[in-house]
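K.L.:
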Amino acid sequence: MNLRRWAAAASVLMMAGAGTAVAAPASAAPTAGCYGSSCEGKDPQTYCADDATSPVGGVQLGQAYLELRYSPSCRAAWARISRASYGNGQFTPFATVHRNSDGREYTCAVQRGATSCYTRMVNDINVTSYAKGEWDSGARTYNGRTSSY
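Throughout the sequence shown, residue numbering follows mature numbering (1 follows the signal peptide of the UniProt record, and there is no 0), covering -23 to -1, 1 to 126 in sequence.
(1) Could you tell me which residues DSSP puts in a beta bridge with glycine 121?
(2) Using the Cβ count rule (16 or more neighbours within 10 Å means buried), how would you classify threonine 73?
(3) Taking the beta strand (DSSP E) that tyrosine 42 belongs to, which residues open and close that run?
(4) With DSSP collapsed to three states, give me the class of serine 59.
(5) Tell me the rounded alpha-carbon separation between glycine 39 and alanine 116.
(6) Any idea what DSSP makes of alanine 29, helix, strand or coil?
(7) Based on DSSP bridge pairs, tell me the residues matched to alanine 116.
(8) I need the straight-line Cα distance from alanine 91 to arginine 97, nearest angstrom please.
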């Protein structure tokens, strides 16, 4: 091969290589800051919200929406109520997470001027839990609960 052909071939190979991207390894999902019983009573936003789901669907309480939240990486559950604004003369909206095996509960109340709150977490390994809550429209009080998960 003469020098010109070799230089041309090398140039083509370098250009082709320049357009080839090597994929970086996918970063692992963030590790939960707690797991199971070590999550008991902790703040889900701090530890377990990244992979949280609402496994049993929510419940409409008037305009408010109640959910049981669950983190598979933490194996913990908590309750959340949203769209729960309220005025003077109305009861303060709240949500409670209830663990069925021992009745352990955590409750949150929506602060004045806010529209949502979430409870502390319960360990949910090999047990089930549900969310319950209440919202007052001024004309009627709505209460309900989710299915257990």
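Ideal Cβ positions, reconstructed from N, Cα and C, are used throughout, including at glycine. Remember, predicted model here, so these are calculated numbers, not experimental data.
P.N.:
If we stick to the structure as given:
(1) Gly110
(2) buried
(3) 41 to 48
(4) strand
(5) 11 Å
(6) coil
(7) Answer is none; alanine 116 lacks a bridge partner.
(8) 18 Å
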